[in-house]
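To keep things clear, I will list the structure first and then write my remarks on it.
Protein chains in written order, with the working numbering: chain A, 3 to 417; chain B, 3 to 417.
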């Protein structure tokens, strides 16, 4: 199984190595993402699954059963951040397929259909919004986000259409409550909690959904050599104390509330970004996360006050746009208990925890009882070329998923 | 003359308006620059000048005389910063041509050749180095800068070759001391000194050449949602206090030394610049200018100390690369006196001043007695779409240049 998992993961990453110096760049609705999903489909067909694609480009690999009924589903995604790793998303996809292989080899006969879903475009790095495929599937897609542009000016709707889909039709990817019985995502932890608690895997209670802001500083361009220092409205000089403020305030709130919040100025674009021109416009992207929605609110309130202070002292005007503001998501207790039970059956120890990162499961949880299972990754590192999960832990993931799917699709598992 | 100047300036800007909302973008060694220079050549030919192009792509429009001898030259450039104005460079080119027209219409017969030079690629916005054409002409070109890349990864050498020139051959654009008698550049002031001193035009004593640094902050990427605040090496959070430091230190040095220095963090590039990834690498471009080279040194020393302090407190490593470090240039006293005298003849008042901006003349001054003449521009604004100089001031520039060229190419003017 270990060799099979590594081999399929290499295939889906179109690579002969799972750790590369420049990592993997397979962004939302690009040809690279489509190519990886095509490999997913091929592997699923080799396992004898029926493969379809929905209107959003999510790939569904289904183990059909006589009589049908609501399917038990697992899955994750294959897109990456720029220079990301091979495991963020890929681990969940390959372990889902591995669990099918294991159940088939054991001649297991499910009483419900089982699906492995490869979602489109989970990462927000290209358009600033995440989990587009699972939003569409769970009926949470707002078509207005089709106007969002990547850094080259391509809109999300154009990117979707470049991969052969029709933006308006993404609404048709919505599935009914009756079609799925439950959903479980397996993902690498992207943190150190499992290992710090000396456990084998994580079972997630709640997902900290982000608040994301685009903060634009509107200054005035001018010649760097001839504009006196005290006659400037330098957008970058105004943005600098803002960046420091976000970092310092998040650290202070961690001290005050026990490491419950993270906030990052993760993107910055300066214009005209020219050596001899004073920066006219700077747009900073801020990512704020906590499972405590009240704490996210405290942070955004503090950011608005700081922006006002900077406006008053610099003459640079500041616009704050809310890109994303989703409440945090609590996952299903019953599914979590069954994921913890799967560990008992397979002799692995579970750590109950929260997730600092968003995942497709947070959308699926709005419509179907859903769970999230974490396997460890090396040094907690993710969104980085050195991201790594061991074949041993991937195999554990397969065993846990297989146990869960088996229980959930046996006669007595059909609750 | 006013109408003719505006008409030719519109032609060279390939526009029906000299002030446009998005300004003009005609960067170094692009097709846009080449197209503008082609219009310059056409206008020069209409005036009966002999037009040639050197190995760097500088265009030379020459009023030949029987007997030849060392030419008196004037000129400037037609490239712009992104979203720049129509007058930075263009004013000097069109006034040079206007002066020829005026002298020809007055049936003036020069005793020396007169040249109007349109230099290539004065602005540093694309490759971080400025005045490439005049560096080549005055023998100051270091071929190693051909490796410098623009933000799309195109090298300077590739850009040069895209416009039909051969990078190595740029050395052949060097002219001998014997070929030119002297050089005068006319340029918009890009500041407010002339108007603040209630004078008509500026005669420059010295040019403040920049020190330019590329400061790279090497942090560590990671997931914004799962990496605790106190376990981060966020390159942008480390760059923020640096940006503030440059701004504040320049302001302090202005207080201490009388507004003699400007320093700007004018460019910033963050990588991977992705909403859910902690910034791994940030490169900031710093532009430092003063006619006092010792003051520039004080500023760069302070920057090195601050970088060391940030390294120690954040764990982010910092590399400082010196892109440019040219000593400031003193212009020729004799030429300056003749430029001031030209004002007396034409009833305009001159302000003796320094230039905070670099210009092609700073290279020409290394080989030939050279001068720099400023005409006012509206609100001192430049490198900005609202950059503007009046037709009246352009006409004054023509009269001053014509007077200077007349004096310098008459028998008694041949010193």
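A virtual CB, placed ideally from N, CA and C, is assigned to each residue, including glycine.
Pairwise C-beta distances place the region 359 to 376 of chain A out of contact with the region 7 to 22 of chain B, as fewer than three of them are shorter than 8 Å. Pairing residue 149 of chain A with residue 51 of chain A, the inter-Cα distance amounts to about 36 Å. With the rule of 3 Cβ pairs closer than 8 Å, the region 380 to 387 of chain B counts as touching the region 188 to 207 of chain B.
The beta carbon of residue 206 of chain B sits closer than 7 Å to those of 333, 355, 356, 357, 374 and 376, all from its chain and outside the five residues before and after it, given in chain order. In the DSSP annotation of this structure, the continuous segment of the beta strand (DSSP E) that includes residue 319 of chain B starts and ends at 319 to 327. Annotated as proximal: residue 161 of chain A and residue 30 of chain A, with beta-carbon spacing under 8 Å. Per DSSP, residue 350 of chain A lies in no alpha helix (DSSP H) segment and is marked neither H nor E.
Taking 7 Å as the upper bound on Cβ-Cβ separation, chain B lies near residues 126, 127 and 130 of the region 126 to 147 of chain A.
Every alpha helix (DSSP H) of 4 residues or more that sits fully in the region 138 to 164 of chain B is shown, in chain order, as 158 to 164. Chain A has a Cβ within less than 8 Å of the Cβ of residue 249 of chain B. A direct Cα-to-Cα measurement between residue 269 of chain A and residue 233 of chain B gives close to 19 Å. The beta carbon of residue 46 of chain B lies closer than 6 Å to those of 53 and 63 in the same chain, with the five residues before and after it left out. Annotation for residue 197 of chain B: 378 place their beta carbon closer than 7 Å to its own, counting only its chain and skipping 5 residues before and after.
Of all residues in the region 220 to 233 of chain A, those with a C-beta nearer than 8 Å to a C-beta of chain B are 222, 223, 224, 225, 226, 227, 228, 229, 230, 231 and 232, reading in chain order.
Positions of the beta strand (DSSP E) runs, each at least 3 residues long and wholly inside the region 188 to 231 of chain B, are given as 203 to 209 and 212 to 220 in order along the chain. Under the Cβ criterion of 8 Å, residue 378 of chain A is not counted among the residues facing chain B. Taking each of B/67, B/403, B/99 and B/266 in turn and checking the Cα distance to residue 348 of chain B, the smallest one comes out for B/403. Two segments are said to touch when three or more pairs of C-beta atoms, one from each, lie closer than 8 Å; by this definition the region 305 to 318 of chain A does not touch the region 166 to 181 of chain A. A buried status is given to residue 212 of chain B, since no fewer than 16 other beta-carbon atoms sit within 10 Å of its beta-carbon. At least one C-beta of chain B is nearer than 8 Å to the C-beta of residue 243 of chain A. Bounds of the alpha helix (DSSP H) holding residue 97 of chain B are 92 to 107. Here residue 133 of chain A is buried, its C-beta having at least 16 other C-beta atoms within 10 Å. One Cα belongs to residue 14 of chain A, the other to residue 220 of chain A, and the distance between them is close to 43 Å.
In the structure shown, residue 286 of chain A adopts extended strand secondary structure according to DSSP, grouped into three states. Per the C-alpha coordinates, the member of B/263, B/227 and B/272 positioned closest to residue 237 of chain B is B/272. Against chain A, the beta carbon of residue 277 of chain B has neighbours under 7 Å at 126, 127, 130, 214, 268, 269, 287 and 289, listed in chain order. Assigned with DSSP and collapsed to three states, residue 79 of chain B falls in strand. A/189 is the residue among A/405, A/390 and A/189 whose C-alpha sits nearest the C-alpha of residue 78 of chain A. Among the residues of the region 353 to 366 of chain B, those with a Cβ less than 9 Å away from any Cβ of chain A are 357, 358, 359 and 360, in the order of the chain.
In the displayed model, residue 65 of chain A falls within a strand according to three-state DSSP.
The alpha-carbon of residue 201 of chain B is positioned some 6 Å away from that of residue 353 of chain B. The residue among A/173, A/154 and A/139 with its C-alpha nearest the C-alpha of residue 146 of chain A is A/173. Contact annotation: residue 203 of chain A and residue 366 of chain A have beta-carbon atoms that are not nearer than 8 Å. Between residue 208 of chain B and chain A, the shortest Cβ-Cβ separation is not below 8 Å. Residue 279 of chain A carries a strand assignment under DSSP once its states are collapsed to helix, strand and coil.
Looking at the backbone, the Cα of residue 38 of chain B and that of residue 249 of chain A are separated by about 47 Å.
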